[in-house]
Amino acid sequence: METDEVPEGKLPKGVTRREFASIAAAAAAGWLTTACGNRRLHEIPKDKLRSAVARMEAEYAAQYGRAVRVSDTGPMDDVVFAYALDISRCVGCRRCVHACVEENNQSRDPEVQWIRVLSMDKEKGVDFKDANPYYAPETVPEEGHFYVPTACQHCRNAPCTKVCPTGATWTEKDGIVVIDYDWCIGCRYCMAACPYGARHFNWGKPTLPAEQVNTNMHVLGNRPRQQGVVEKCTFCIQRVREGRYPACVEVCPVGARKFGNLLDPKSEIRYIIENKRVLLLKPELNTMPKFFYFYGT
């Protein structure tokens, strides 16, 4: 019998057919991975995780014909990463978008983009109802407009992590919301729960030419994703856990993007929060983002 055809009276009390189908799919995925001796990445002992990572490195090296390093570096103590973006400086050039694609091994055809830049009318202010993500003037910034880039907000009270039926997404100790792609079943519950449209589904088979592969990968970040999973910004986990800035921060030509440790009282991110006009997206939802927007001028 197909799951959707289960008689109403045979369903567990309080569970709809759609919910039952999702639970069944999740259970099937969990049974398969358990039968193969696999567990979620954050549940694997360190020595076994390193063995799994070594297998990934060999697999990707064979696939792309290049030596690949896959890091399993964990979160540092006394660090919670946060992001800040100066709306008064952003010129809407979208260099951040393309740097993100290159750094994080997103599919090139169809191209998956984790950052979206919105053009807004200065007279209307921050108004998402009339925001235009498809602006295409000959030059930017366009007169009478300003720009608000959006991506994963890495919320402290992240709704996406609460609805995942397999536990494939969670918040790390350093504040980064991650996804274990091997456990994602593509149900897209997290996409529906995210109020920022920050998660993206891999509808087609990802294409990533060998010459464009970033061989510096992280097991919870920019390693190649299979078709049919959800992906998103990870604050460039493969970079920030090694003391580097995210790619979008480095490439910004006007210095509009800031990144640092929220727990460090001497960090630039703390100075911005304490001294600038700061706003959050949709604060009424109590998601508590770690992505802050501010006006530097």
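Per this note's numbering, the sequence shown starts with residue 1399, numbered consecutively.
We put the CB at the ideal spot given by N, CA and C, even for glycine.
Residues Pro1473, Val1576 of the same chain have their beta carbon placed closer than 7 Å to that of Glu1570, with the five preceding and five following residues left out of the count. Of the other Cβ atoms in all chains shown, fewer than 16 fall within 10 Å of the Cβ of Phe1526; this residue is therefore exposed. Ranked by Cα distance from Asn1600, the first of Gln1504, Gly1463, Lys1446 is Gln1504. In this structure Ile1513 is not in contact with Val1489, their Cβ atoms being roughly 15 Å apart against a cut-off of 8 Å. A straight line joining the alpha-carbon of Cys1631 with that of Ala1465 spans about 24 Å. Between Pro1557 and Thr1685, the beta carbon gap of about 6 Å places them in contact (Cβ cut-off 8 Å). Close CB contacts of Ala1591 within its chain, under the 8 Å cut and outside five residues either way in sequence, are with Pro1557, Cys1558, Lys1560, Val1561 (chain order). Note that the C-beta distance between Gly1542 and Gly1584 is not below 8 Å. For Ala1456, the uninterrupted alpha helix (DSSP H) segment begins and ends at 1444-1462.
According to DSSP, Thr1569 shares a beta bridge with Val1575. Counting C-beta atoms within 10 angstroms of its own C-beta, Ala1534 has fewer than 16 neighbours from the protein chains shown and is therefore classed as exposed. Taking C-beta atoms as the reference points, Asn1502 and Asn1620 count as a pair closer than 8 Å. Listed in chain order, the beta strand (DSSP E) runs fully inside the segment 1502-1547 are 1514-1519, counting runs of at least 3 residues.
By the Cβ-count criterion, Lys1656 is buried, with 16 or more other Cβ atoms from all chains shown falling within 10 Å of its own Cβ.
In the three-state reduction of the DSSP assignment, His1440 falls in the helix class. Assignment of His1496 by DSSP, reduced to helix, strand and coil, places it in the helix class. Cβ neighbours of Tyr1458 within its own chain (closer than 6 Å, five residues either side excluded): Val1466. Going by DSSP, Arg1637 is part of the alpha helix (DSSP H) stretching over 1635-1638. About 5 Å separates the Cβ atoms of Leu1661 and Val1478, confirming a contact at the 8 Å cut-off. If the five residues before and after Gln1551 are omitted, its C-beta is found closer than 6 Å to the C-beta atoms of Tyr1594, Pro1687, Phe1689, all from its own chain and listed in chain order. When DSSP states are grouped into helix, strand and coil, Lys1656 belongs to the strand group.
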